[in-house]
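Enquirer: Each residue of the sequence shown is one higher than the last, beginning at 105 in the working numbering.
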Amino acid sequence: MTEAVAVKSGTVRFTLDGQPVEALQGTTILEAARSRGVYIPTLCYLEKLLPIGSCRICSVEVEGVNGPVMSCATPVLEDMAVTTKSGSLTEYRRQMMQFILVNHPVDCPICERSGECSLQDRSFEFNASWQAFKTEDYKKKPVIDWAALRYDKNLCIMCERCVKICREVQGFNALEIDGTGYGAKINTVTKEKLDCDFCGQCLSVCPVGAISSAIILSSRSWEINKVESICPHCGVGCSYHMDLKLGKIVRISSDDNIGINNGNLCVRGRFGFEAFHSDERIKTPLALKGVKHEPVSWDQAISEVVEKLKETKQKHGPNSVAVLASENLTNEDAYMLQKVMRAGFGVNHIDTMSNMINSGLNAQMFDNYGPSSQITSYDEIGKAGAFLFFGCDAANENPVIANMVRMAMRDKGVPLFVANSRDTSDFFPGPDSILRYKYGTEAYLIASLIKAVTDADTGGLDPDSAVDRVDDTAGLVKSVEFINVENSAKVTGVDYKTIKQTATALAQRGAPLIFVGKEIHDHHRSAEIVRAISNLANLAGGKALIYREHCNSQGTNDMGLSPTHLPGYLKADDTGAVERYNKKWGSDFPAFSPSGSNIFDGLSDGTIKALIVAGCDPITYYPDGQYVREAIQNAEFLVVSSSFPSETSVLANITLPSCQIAEREGTYTNNEGRVQLIRKAIDRAGQARPEWEIFADIGARLGLDSYLSCEQIANEIADSVPGYQGLTHDNVSNSGGLASYPRKGKAKSFQFDTKPMEIGDDGSYPFIALIMNSLFHLGSATRRSPTLNRLEPSAYIEMNPEDAERGGFDEGDKVVVESKQGSILASLKIKSRSPKGVVFIPKNFESAPAGHLIYRNDPVTKVRISKS
């Protein structure tokens, strides 16, 4: 080397095109070159995958090495001399391109990747438009239909990206290389039809047109306009592009360089966009006249709503009016809704379905858990020493978080443990890493883990090491002294060896991250379980993250859609907090004492006379749906805002058409508290309006401030709501901004009941039914996607093979599932995911509403199953 370069610890010195540089040990030549802005062409390389090395386009010259070497797979070494540009390299790369192109059809004008094809780009770059090699006559192969995807072997360049991303990031291992040489192709590992998550990751990374969507793209890249936005199909908050032609969304694409999802999307995010153009939309305000809904003007509809709500409140008092809102509302929608109800009508009975099911893990989370509240930055995934999924079906609930975890496991060797009553081990952990417990013993299992973590023979964690971050560690340890970990299997079904191994990893690797899923959120004893999980995470120096079901579950609570809290979690009965908002809003609403009654109970007993349902369908999706239907039918006045007709909207006196997310602007707050901007891509359907605009119109007629834009409301939120200071649309337009939640002081130690839940069994209803979401559907919008309906067209139940054999059932049987509350008709899937005596039922089908099986006061839903 001709010039001295300062060397940092853990770095190596080498030359790159004659220039002295340094890089961290283990860095590949390609990574080092890119970090210096030195261009090396690639074709098969993808930053989020391990090096593949199939194309050799990235080859460089290394002094002393005979022949080019692959820069993507070769680490830099001390005193290495690398050349990235030379005449011989250009010729070598051209030859590699010609090998790849030897049988590649020149169908660019009709290929949907034309204009955004990496093969096209490299062909032009290396002037590989002429062919130096000859091969035998090649017969085109037929395109293979893989349900939501298609595979064209003729276009495939065998880069292996699809195989690698399926295995490394998605964890499914559905694809493989079948054959050798020019006869090789991508095939399913079973050699049969593709059976996977249909996430479309393989589609997104294909550099050519070999893997494409079954939704035939009628556009070329130069005709497409891209609008960046946020996916509305769960609480992760993935960024994506809505690709438009002539004002219509033609596909969803992703970009590794935007958002928190590193380009990863799930099946709902990639194919759920079809609902944006559904013909089933409500496009005009409707009023119930007699037994028929008839179109009316917006002025008529809003006037009727204002008049009836004012009349009801005046006649029956403020507790006679209630609001039930969706957690899919934007922050601006939610803020405006609660402001109009409180400051305009003087009404405080505002709630969401998730809060009504479990307010302790939603609006009251900060009251219950203080600084250790289960909101954790995704950055913690990369810092974790161990992962524990507890009561969550990670790959189905929040699939992209599962992607993040897999990549941490791959890159850093972080161990994963999966605790669930069902087999949800889509990560393929070893058998010693699966804690399959008996439903109802969750708290006892966590107590056993706490005991094992602090036991010298297992975890070996000194409780005194946690005193600086956790209150009363001594009391916490004492509370589980009675647990005999070696005998825990008799209670929980999880053997001692597995508990010991889990505890050792949680205690000794440091900073464990515990994910809490839907099974726990909806559990009758969820508060006890989450207290226990908080204790375990805090004691071991880790954190917990509760999976949120909807795209703005966090934000709607932050904005005060709760009878107990105002925006920013200020108490609704705190006169100082009420005075603060009255001053900002120019209003005079009183401090509210929560009514204490569930909205549906209030409707049933006649206390609540008028109900606004904003963006949700409680009859279909709330537990005990028949009770909900009867309660809502008891309302004297019902207002529903919705994009689609629903079981609830058909009962409405006034129906207000609302926009879908692609038709408006706003912000969502995701699982980690990140506020992100959604952008308008398409025109509104008919006369549809966003909810903020609907309620701003109502508020203006009550004398409140007028609002001309969603951004104006966001500015008010940024000025008014604790934790959201400065989070305007401009400030969150790129990568979002994290809300600041109240987290001062030590984490609490919580007392919790370890006694297993008693599950009665009189023999009439022998199965425990776990009713949750499926991978392919969440709410009514995904049911308007033809692709998602093709992948999961109808209701089903999953049953253990032994139970099926005992009952004389076969795969695909039509069965009646009956509880003491109701029954549904579904098809049978026989899988070993559920243990004996437990069945899984997705709740996403209006034709078979599984929520109608639930009795609201039962700790667990029991069912019986018979052939239809």
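The beta carbon of each residue, even a glycine, is placed where N, CA and C say it ideally should be.
Only a predicted model underlies this, so the values are computations on that prediction, with no experimental measurement involved.
Do you know how far the Cα of F377 is from the Cα of G367?
Expert: Cα-Cα distance, rounded: 17 angstroms.
Enquirer: By Cβ distance, which residues of its chain are closer than 7 angstroms to Y726, with the 5 residues on each side in sequence left out?
Expert: Contacts found: M457, V732, G955.
Enquirer: Please state whether DSSP places S227 in a helix, a strand or coil.
Expert: Of the three classes helix, strand and coil, the one that applies to S227 here is helix, per DSSP.
Enquirer: Is the stretch 829 to 838 in contact with the stretch 745 to 753, if contact means three or more CB pairs nearer than 8 angstroms?
Expert: No: the two stretches stay apart, fewer than three of their Cβ pairs being nearer than 8 angstroms.
Enquirer: Specify the secondary structure class of M174 as computed by DSSP and reduced to three states.
Expert: In this structure, M174 counts as strand in the three-state DSSP scheme.
Enquirer: Can you tell me the Cβ-Cβ gap for S537 and L565, rounded? I've got them flagged as a contact below 8 angstroms.
Expert: In fact, because the Cβ distance is near 19 angstroms, the residues do not count as touching under 8 angstroms.
Enquirer: Express the C-alpha separation of S218 and V425 in angstroms, rounding to a whole number.
Expert: Cα-Cα distance, rounded: 57 angstroms.
Enquirer: Which residue's Cα is closest to the Cα of A494: R514, V504, E546, G486?
Expert: The sequence shown places Phe at residue 494, not Ala. Ranking R514, V504, E546, G486 by Cα distance to F494 puts E546 first.
Enquirer: Alpha carbons only, please: which of E906, E950, G464 is nearest the one belonging to A976?
Expert: Lying before the first or after the last residue shown, residue 976 is absent from the chain, which here runs from 105 to 972.
Enquirer: Can you name the residues that DSSP bridges to A851?
Expert: Answer by DSSP bridge pairing, in chain order: V574.
Enquirer: So, does the stretch 324 to 339 touch the stretch 303 to 311, judging by three or more C-beta pairs under 8 angstroms?
Expert: As far as the Cβ criterion goes, the stretch 324 to 339 does not touch the stretch 303 to 311, which means the pair count is below three.
Enquirer: Expressed to the nearest angstrom, what Euclidean distance is found between the alpha-carbon atoms of F856 and K604?
Expert: F856 and K604: Cα-Cα distance of roughly 22 angstroms.
Enquirer: Decide if A108 is buried, meaning its Cβ has at least 16 other Cβ atoms within 10 Å, or exposed.
Expert: Since pLDDT at A108 reaches only 37, below the 50 mark, its modelled position is unreliable, and the value read off the structure follows with that caveat. Exposed, because fewer than 16 other Cβ atoms sit within 10 Å of the Cβ of A108.
Enquirer: Taking C-beta to C-beta, are H208 and L259 nearer than 8 angstroms?
Expert: Yes, the pair counts as a contact, with Cβ atoms nearer than the cut-off.
Enquirer: What are the start and end residues of each continuous alpha helix (DSSP H) run of 4 or more residues lying completely inside the stretch 173 to 219, in chain order?
Expert: You should have 191 to 205.
Enquirer: When you compare only the Cα positions, how much space is there between A843 and K675?
Expert: Cα to Cα, the separation comes out at about 19 angstroms.
Enquirer: From the DSSP output, in three-state form, read off D483 for me.
Expert: Reduced to three states, the DSSP call for D483 is helix.
Enquirer: Going by other Cβ atoms of all chains shown within 10 Å of its Cβ, with 16 needed for buried, is S938 buried or exposed?
Expert: So S938 ends up on the buried side.
Enquirer: Which partner residues of M903 appear in the DSSP bridge assignment?
Expert: Answer by DSSP bridge pairing, in chain order: I934.
Enquirer: Name the DSSP bridge partner or partners of K352?
Expert: In DSSP, K352 forms a bridge with K349.
Enquirer: Does the stretch 464 to 481 touch the stretch 577 to 597, meaning 3 or more C-beta pairs lie closer than 8 angstroms?
Expert: No, the stretch 577 to 597 is not in contact with the stretch 464 to 481.
Enquirer: What residues match up with H669 in a beta bridge as DSSP calls it?
Expert: According to DSSP, H669 bridges with K675.
Enquirer: Using the Cα positions of M105 and K516, report the straight-line distance between them to the nearest angstrom.
Expert: In this prediction, M105 scores a pLDDT of 32, lower than 50, which makes its location untrustworthy; the coordinate-derived value is nonetheless stated afterwards. Between M105 and K516, the C-alpha separation is close to 34 angstroms.
Enquirer: List the whole-angstrom C-beta distance separating F871 from G941, where the pair is believed to meet the contact cut-off of C-beta under 8 angstroms.
Expert: Confirmed, Cβ separation roughly 6 angstroms.
Enquirer: Taking the alpha-carbon positions, what's the M861 to Y543 distance?
Expert: About 8 angstroms.
Enquirer: Contact defined as beta carbons within less than 8 angstroms: I believe C221 pairs with G304. What is the distance between those atoms, to the nearest angstrom?
Expert: No, C221 and G304 are not in contact; Cβ-Cβ is about 18 angstroms, not under 8 angstroms.
Enquirer: To the nearest whole angstrom, what separates the beta carbons of Y344 and S358, a pair I think is in contact under 8 angstroms?
Expert: So it is a contact: roughly 5 angstroms between Cβ atoms.
Enquirer: In the structure shown, what three-state DSSP assignment does F521 receive?
Expert: Note: F521 maps to strand in three-state DSSP.
Enquirer: Per DSSP, what kind of secondary structure is L649 in: helix, strand or coil?
Expert: In this structure, L649 counts as strand in the three-state DSSP scheme.
Enquirer: Taking the continuous beta strand (DSSP E) assigned at T771, which residues delimit it?
Expert: Unbroken beta strand (DSSP E) run through T771: 770 to 773.
Enquirer: Where does V109 sit, in a helix, a strand or coil, going by DSSP?
Expert: Residue placement at V109 cannot be trusted, given a pLDDT of 37 that sits under 50; the coordinates are not used to answer.
Enquirer: Quick one: Cα of V836 to Cα of Q780, how far?
Expert: Roughly 6 angstroms separates the two Cα atoms.
Enquirer: Pairs of beta-carbons, one from the stretch 680 to 691 and one from the stretch 609 to 627, closer than 8 angstroms: are there three or more?
Expert: No contact exists between the stretch 680 to 691 and the stretch 609 to 627.
Enquirer: Straight-line CA distance for E623 to Y473?
Expert: Distance between the alpha carbons of E623 and Y473 is about 19 angstroms.
Enquirer: Take H420 and list the residues in its own chain whose beta-carbon comes closer than 8 angstroms to its own, dropping the five residues that flank it on each side.
Expert: Same-chain partners within the cutoff: K713.
Enquirer: Rounded to whole angstroms, how far is the Cβ of V180 from the Cβ of V273, which I believe are closer than 8 angstroms?
Expert: V180 to V273, Cβ: 26 angstroms. No contact.
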